[in-house]
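Here is the structure we will look at, set down as structure tokens.
In the numbering used here, the protein residues as written are 1 to 290.
Below, the structure is given as structure tokens:
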């Protein structure tokens, strides 16, 4: 895969600047701590008919029925009396999940990493222009398999860029994207290691690499350091666990844009989105500094 040049927009002190992403280090300061998500992407699409979105405490899966459109897929309306045939698992019914009208439960499910490695492929949406291997959907920091979709803020980094940077990691396994229906973020499994939290508290400035990291750190600031987070970051409940956020350029309908307003007023956020940019998981980046 030929690398796509990534641009970086920087919002700071009511100013907006643009530069190549590989110049990120020029706007960081000594003592800045970048916190990254080390979750690795699973091949979470089964025959383009079912998307895995996480494993619940009882071992069942959260899944989303899909139908093919182009090289990607779009949501498929589903009823409780319908069945789906899955490799090795046979014909199954899906159980309603009360926290979403879009996600369903697959009970008596196998261990997800081994099963999806054998039968899955990367999730691709309707905006996908070409088929890419799983490696193309891995963040630079990917280490712990578990995400349905790539924690994409970590994708455009390189070994050259991270030299000399102060970096700490946590894990948050992403579920499926919620762009289509303006839904709020679903519960997601996360873990903030004790060492990472100590470094966050001691750092001069903390910059979350991705909204997944922001969600995990804001949850940790409530006293919960692992398990399922249902915390939704808003300007009203922002606990100031970070001083900056490095994130992608989000679709205008994405609920992620609401999270960004915890760090950047709406009018400045709108200004940052003016002009031409590439969105989605392989798009440009936006650094917000308080």
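Using N, Cα and C, we set each Cβ at its ideal position, and we do this for glycine too. Just so you know, these numbers come straight off a predicted model, no measurement behind them.
Separation of residue 227 from residue 105, as counted between CA atoms: C-alpha separation (whole angstroms): 18 Å.
Please state the DSSP three-state secondary structure of residue 145. Note: residue 145 maps to strand in three-state DSSP.
Integer-rounded CB distance, given that residue 68 should sit under 8 Å from residue 75: Contact doesn't hold; Cβ gap of about 12 Å is too wide.
Using a Cβ-Cβ cutoff of less than 7 Å, which residues in the same chain neighbour residue 212 once the five nearest sequence positions on both sides are dropped? Correct list, in chain order: 37, 151, 172 and 174.
In chain order, what are the residue ranges of uninterrupted alpha helix (DSSP H) at least 4 long that sit wholly in the region 66-127? The qualifying runs are 112-119.
As a quick exercise: from 118, 8 and 98, pick the residue whose alpha carbon is nearest that of residue 87. Selected option, being the one with the closest Cα: 118.
What does DSSP give as the partner residues of residue 57 in its beta bridges? Looking at the DSSP output, residue 57 sits in no beta bridge, so it has no partner there.
Please name the residue or residues paired with residue 190 in a DSSP beta bridge. Bridge partners of residue 190: 172 and 227.
Short Cβ contact (8 Å threshold) for residue 272 with residue 11: By the CB criterion at 8 Å, residue 272 and residue 11 fall inside the cutoff.
Check residue 180 in the structure and name its three-state DSSP category. Note that residue 180 has pLDDT 49, beneath the 50 cutoff, so the model's placement of it is unreliable and the number below is only indicative. Three-state result, residue 180: coil.
Rounded to whole angstroms, what is the Cα-Cα separation between residue 103 and residue 29? C-alpha separation (whole angstroms): 42 Å.
Shortest alpha-carbon distance to residue 199 belongs to which of 26, 34 and 27? Looking at the Cα atoms, 34 is the closest of the given residues.
Do residue 285 and residue 21 have their C-beta atoms within less than 8 Å of each other? Judged by their CB atoms, residue 285 and residue 21 are nearer to each other than the 8 Å cut-off.
Relative to the alpha-carbon of residue 185, which residue among 5, 99, 247 and 196 has its alpha-carbon at the smallest distance? Minimum Cα distance to residue 185 is reached at 99.
Can you tell me where the beta strand (DSSP E) holding residue 257 begins and where it ends? Residue 257 -> not in any beta strand (DSSP E); alpha helix (DSSP H) instead, spanning 256-260.
Sorted by chain position, which residues of the same chain lie with C-beta nearer than 8 Å to residue 196's C-beta, five sequence neighbours on each side aside? Closer than 8 Å at the Cβ level, and outside the excluded window around residue 196, lie 35, 168, 169 and 170.
What does DSSP give as the partner residues of residue 286 in its beta bridges? In DSSP, residue 286 forms a bridge with 9 and 247.
Whose CA, out of 142, 234 and 166, lies closest to the CA of residue 32? Comparing alpha-carbon positions, the option among 142, 234 and 166 lying closest to residue 32 turns out to be 166.
Does the Cβ-Cβ distance between residue 210 and residue 246 come in under 8 Å? The Cβ atoms of residue 210 and residue 246 lie closer than 8 Å to each other.
To the nearest angstrom, report how far apart residue 149 and residue 41 are at their CA atoms. Roughly 6 Å between the two C-alpha positions.
Classify residue 130 as buried or exposed, calling it buried when 16 or more other Cβ atoms lie within 10 Å of its own Cβ. It is exposed - the Cβ of residue 130 has fewer than 16 other Cβ atoms within 10 Å.
If you measure between the beta carbons of residue 60 and residue 111, is that distance less than 8 Å? No, these two residues do not count as a Cβ contact at 8 Å.
Report back the beta-carbon spacing between residue 233 and residue 264 to the nearest angstrom; my notes put them in contact at under 8 Å. Your pair residue 233 and residue 264 does not check out as a contact, with CB atoms roughly 13 Å apart and the cut at 8 Å.
Let me check one thing: in DSSP terms, what residues is residue 46 bridge-paired to? Looking at the DSSP assignment, residue 46 forms a beta bridge with 50 and 120.
Give the secondary structure of residue 1 by DSSP, where H, G and I count as helix, E and B as strand, and everything else as coil. Its pLDDT being 47, under 50, residue 1 is placed unreliably in this model, and the value from its coordinates should be taken loosely. It is coil, neither helix nor strand.
Give the secondary structure of residue 132 by DSSP, where H, G and I count as helix, E and B as strand, and everything else as coil. Here residue 132 sits in coil by DSSP.
How close, in whole Å, do the beta carbons of residue 142 and residue 39 come, if the pair is a contact with beta carbons under 8 Å? Yes, they are in contact, since the Cβ atoms of residue 142 and residue 39 sit about 7 Å apart, within 8 Å.
Hey, residue 262 and residue 235 are a contact pair by Cβ (cut 8 Å); roughly how many whole angstroms apart? The Cβ separation is near 5 Å, so the contact holds.
Could you give the residue range of the beta strand (DSSP E) that holds residue 208? Residue 208 -> beta strand (DSSP E) spans 205-209.
Residue 51 classed as buried or exposed, judged by whether at least 16 other C-beta atoms fall within 10 angstroms: Buried: at least 16 other Cβ atoms inside 10 Å.
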